[in-house]
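When we follow the working numbering, the leftmost residue of the sequence shown carries the number 10, and every step to the right adds one.
Even glycine gets a Cβ: it sits at the ideal position worked out from N, Cα and C.
Take a look at the structure set out below.
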Amino acid sequence: MLAESMCILALLGVGTLNAAHSAERISLQQLESAAFSGGIIENAAFAPPPGARPPHEPFAGTLQLRETRMTTQPETLSRAKVLGKDTQTFPAVALTFFTVGADLVPATQEVIRSGLAPGGSSYWDILVQPGSLWSEPADGAWSRAAFPFELVNSLEGETHNGVALFMYRRGTVTNLRFQIVQQTAPFYVSDLFVASGLVSASYQGSPLTPQEVRALTERHRRSVAADVHVASWGELEARVGKQRLEEFDRGLPVAEAVAAGLDDGDTFYIKYCAGAGGPMPWCERARFGVWSATKALANAVALLRLAQKFGPEVYELEIKDYVPEAARYPGWSAVRFIDALNMATGIGNGSTRIDPNDIGDGYLEGAYDRWYTAPSKEEKVHALLETGAVYPWGPGRVARYRDQDMFMLGVAMDNYLKSREGPASDLWSMLEKEVYEPIGIYYAPTNRTIEATGPGHPLMAYGYYPTLGDMVKIARLFHRGGRIGSKQLLYGPTISTIAAGPAARGLPTGEKNTAGEITYFAAFWHVPYAADEGCHIYIPVMEGWGGNLVELLPGGLTAVRVAKRGPDVAEEGPTEMARVGNRLARFCR
10 MLAESMCILA LLGVGTLNAA HSAERISLQQ LESAAFSGGI IENAAFAPPP
60 GARPPHEPFA GTLQLRETRM TTQPETLSRA KVLGKDTQTF PAVALTFFTV
110 GADLVPATQE VIRSGLAPGG SSYWDILVQP GSLWSEPADG AWSRAAFPFE
160 LVNSLEGETH NGVALFMYRR GTVTNLRFQI VQQTAPFYVS DLFVASGLVS
210 ASYQGSPLTP QEVRALTERH RRSVAADVHV ASWGELEARV GKQRLEEFDR
260 GLPVAEAVAA GLDDGDTFYI KYCAGAGGPM PWCERARFGV WSATKALANA
310 VALLRLAQKF GPEVYELEIK DYVPEAARYP GWSAVRFIDA LNMATGIGNG
360 STRIDPNDIG DGYLEGAYDR WYTAPSKEEK VHALLETGAV YPWGPGRVAR
410 YRDQDMFMLG VAMDNYLKSR EGPASDLWSM LEKEVYEPIG IYYAPTNRTI
460 EATGPGHPLM AYGYYPTLGD MVKIARLFHR GGRIGSKQLL YGPTISTIAA
510 GPAARGLPTG EKNTAGEITY FAAFWHVPYA ADEGCHIYIP VMEGWGGNLV
560 ELLPGGLTAV RVAKRGPDVA EEGPTEMARV GNRLARFCR
């Protein structure tokens with residue numbers, strides 16, 4: 010009955026269970042069973058309990074997992090198969106781990122492909138984050154290992170967040186028990202679902218050399234040292250008063266909430282991070298598919314980095330000069346890098362009505378699906394070039410939302426970087442080494458195109474999988490004007506234009522709230538807001554499908570919300586997160 014009731018709670022979006030329920034213990038016998046008869050239980054059962062003992066031994070090796078039919082709620086998903094692959098099958102994957110203190114650390118936090126790889130029936134790829142190792146007296150010589158993970162697909166942008174546990178002893182492992190308890194907004198698999206199961210597992214020795222383990226250990230330690238300081242919402246209430254924080258996420262249905270919090274530049278206060286089974290263990294390590302927030306978190310950051318390195322002239326570079334295929338299409342003859350970042354290429358599938366404009370006119374029309382499912386970079390480039398009409402107004406004048414144009418900008422920026430630094434250079438590697446790592450982001454998994462060889466090109470329009478802390482760190486960089494310490498990482502004048510202020514910037518979107526019309530500039534939605542003190546400002550917002558929001562508020566505040574079908578900034582009006590921020594900092598200066 011508990012498992013059944015928790016599945017119902019998951020569908021309702023209820024994040025916590027009655028406190029009277031103590032965490033059910035997952036026993037060795039359950040993990041060694043040949044069949045799974047369970048369901049969703051409290052997430053606390055997958056994490057070390059209070060007073061947990063150290064593990065009897067470290068874990069170093071590879072966990073080989075077999076394909077497994079998942080128990081889902083609803084029992085049957087509306088799309089049982091997508092692109093010929095089964096959406097209710099847990100993937101067969103090999104997960105290599107090593108031990109750092111009490112942490113179970115994966116050898117990679119990149120997307121581990123399975124769903125679109127040859128062979129296998131599962132639709133899903135997987136992301137894995139560090140977890141924990143411990144022991145309990147009832148298990149005898151066995152130690153416990155648990156970790157957070159996400160099922161993803163390399164074509165898409167959502168995460169299905171879960172936790173997993175297995176036991177190990179002297180080169181032997183039990184089966185792995187998992188449950189998927191939360192998710193961000195889906196696209197192809199439209200259901201909001203939870204899942205659980207028992208996966209047959211086997212052990213292999215570690216493929217890592219001692220030198221690789223040392224390097225990965227040091228990287229993990231640097232990442233932990235750079236973690237954003239996290240505190241509870243209750244601590245913020247105690248500091249500023251509960252009344253000032255009321256209705257932080259009013260307008261977001263409970264069933265659509267995933268995680269949310271407020272950052273003051275020093276501490277990120279988490280309001281909630283829960284799903285079926287209650288609070289999510291390792292919430293600060295979990296990754297979330299934030300869809301088009303990637304456009305600001307990655308694409309805008311990349312172009313601003315290039316502008317800082319090579320000068321703002323990069324904004325005026327024409328895409329056709331760095332994507333040779335585009336030169337054959339007249340509509341691309343004068344499209345600049347900045348036009349693509351502003352969603353103003355002058356190409357699309359919508360109407361020619363611009364008074365009033367509708368930025369979403371034609372968004373998913375035409376051959377969008379052909380581009381979306383094209384696996385390789387070359388196929389994606391050709392799919393976007395061969396579809397879409399040339400608007401009469403040309404580039405730079407009217408905003409029309411197109412994922413394809415953000416992908417094209419990523420290809421152009423990568424080729425431009427290669428022209429300056431050689432063919433071995435790579436746009437995403439530049440982001441990681443020159444921006445993300447200096448601000449403390451040591452792992453930046455993203456979806457990439459699928460190529461015969463090599464890792465593929467990052468999608469850039471969506472597909473980045475940040476943690477809550479990663480989003481906060483990038484927001485803090487914008488608040489600091491693109492500077493870390495004495496080093497300017499991003500082009501400051503553009504950040505000054507992006508920052509919250511009284512003047513509208515960018516192009517009209519046709520979307521309005523009670524304070525006026527929302528505009529679009531440099532991959533940010535600029536949302537009008539009537540501040541409590543009487544001024545009128547525009548707040549820059551990173552937004553992703555499903556109600557994912559990162560709001561850069563005045564006073565160095567950042568509001569973050571992850572949702573799975575929440576309202577966007579237009580539907581919500583001036584978000585209640587901004588109203589709470591306005592109670593904590595004066596927005597009029």
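Straight-line Cα distance separating residue j from residue i
| i | j | result |
| --- | --- | --- |
| LEU306 | LYS442 | 15 Å |
| HIS30 | PHE55 | Only weak support exists for where HIS30 lies, its pLDDT of 37 falling under 50; the value from the coordinates is given anyway. Computed Cα separation, rounded: 15 Å. |
| TRP341 | ALA335 | 6 Å |
| SER503 | THR458 | This sequence places Thr at residue 503; Ser is not what is there. Going from the Cα of THR503 to the Cα of THR458 covers about 30 Å. |
| ARG379 | ALA392 | 6 Å |
| THR584 | GLY48 | 37 Å |
| GLN82 | ASP95 | 16 Å |
| ARG595 | GLU560 | 16 Å |
| GLN73 | MET176 | 14 Å |
| ALA579 | TYR538 | 12 Å |
| ARG514 | GLU145 | 58 Å |
| ASP200 | ALA264 | 13 Å |
| CYS597 | ALA540 | 7 Å |
| ALA532 | ALA194 | 20 Å |
| ALA69 | TRP151 | 15 Å |
| PRO464 | GLY250 | 49 Å |
| LYS90 | TYR132 | 8 Å |
| HIS65 | ARG153 | 9 Å |
| ALA268 | ALA283 | 7 Å |
| SER46 | LEU185 | 14 Å |
| TYR410 | ASP348 | 12 Å |
| HIS535 | GLY369 | 16 Å |
| ILE35 | PRO67 | 20 Å |
| ASP367 | GLN38 | 59 Å |
| ALA508 | PHE487 | 8 Å |
Cβ neighbour criterion (16 or more within 10 Å) applied to residue i
| i | result |
| --- | --- |
| ASP330 | exposed |
| LYS389 | buried |
| THR183 | buried |
| LEU373 | exposed |
| LEU92 | exposed |
| PRO467 | buried |
| GLN97 | buried |
| TRP402 | exposed |
| ARG122 | buried |
| ALA44 | exposed |
| PRO365 | exposed |
| GLN413 | buried |
Same chain, Cβ closer than 6 Å to residue i, neighbours up to 5 away in sequence not counted
| i | result |
| --- | --- |
| VAL344 | ILE328, THR354 and PRO404 |
| VAL237 | PHE277, GLY478 and VAL481 |
| ALA19 | A caution first: ALA19 carries a pLDDT of 36, below 50, which makes its placement in the model too unreliable to give a value. |
| VAL109 | THR226 and HIS229 |
| ASP112 | PRO139 |
| ARG178 | ALA150 and TRP151 |
| GLU520 | ILE527 and ALA579 |
| TYR529 | MET352, ALA408, GLY515, LEU516 and THR518 |
Minimum C-alpha distance to residue i - residue among the options
| i | options | result |
| --- | --- | --- |
| GLN192 | CYS292, ASP148, ASP258 and ALA111 | CYS292 |
| GLU542 | LEU326, ASN591 and THR476 | ASN591 |
| LEU506 | TYR473, PRO475 and PRO549 | It is worth fixing the name first, because residue 506 is Thr in this sequence and not Leu. Out of TYR473, PRO475 and PRO549, PRO549 has the C-alpha closest to the C-alpha of THR506. |
| ALA512 | HIS545, GLY490, PRO475 and ARG294 | HIS545 |
| GLN294 | PHE158, GLY60, ALA154 and VAL407 | The question names Gln, but residue 294 in the sequence shown is Arg. The candidate whose alpha carbon is nearest that of ARG294 is PHE158. |
| PRO100 | GLU33, VAL198, VAL233 and VAL208 | VAL208 |
| VAL444 | TYR473, SER434 and ARG492 | ARG492 |
| LEU125 | TYR212, ALA508, ASN456 and HIS488 | ASN456 |
Cut-off 7 Å between Cβ atoms - residues of its own chain near residue i, not counting five sequence neighbours on either side
| i | result |
| --- | --- |
| PRO57 | SER141 and TRP143 |
| ALA302 | MET551, GLU552, GLY553, ASN557 and VAL559 |
| VAL399 | PRO339, GLY340, GLY355 and ILE356 |
Beta-carbon proximity of residue i to residue j, cut-off 8 Å
| i | j | result |
| --- | --- | --- |
| PHE257 | MET469 | no |
| LEU499 | VAL310 | yes |
| LEU174 | ALA147 | no |
| ILE450 | VAL407 | no |
| PRO576 | GLY260 | yes |
| GLY397 | ASN358 | yes |
| GLN118 | LEU136 | yes |
| GLY555 | ARG570 | no |
Close Cβ partners of residue i (< 8 Å) along its chain, the five nearest in sequence each way excluded
| i | result |
| --- | --- |
| VAL589 | ARG253, LEU254, GLU255, GLU256, PHE257, LEU271 and ALA568 |
| ALA247 | none |
| ASN424 | TYR331 and VAL332 |
Interface flag, residue i vs chain C, CB-CB below 8 Å
| i | result |
| --- | --- |
| ALA579 | In the displayed structure, chain C is absent; only one protein chain is listed. |
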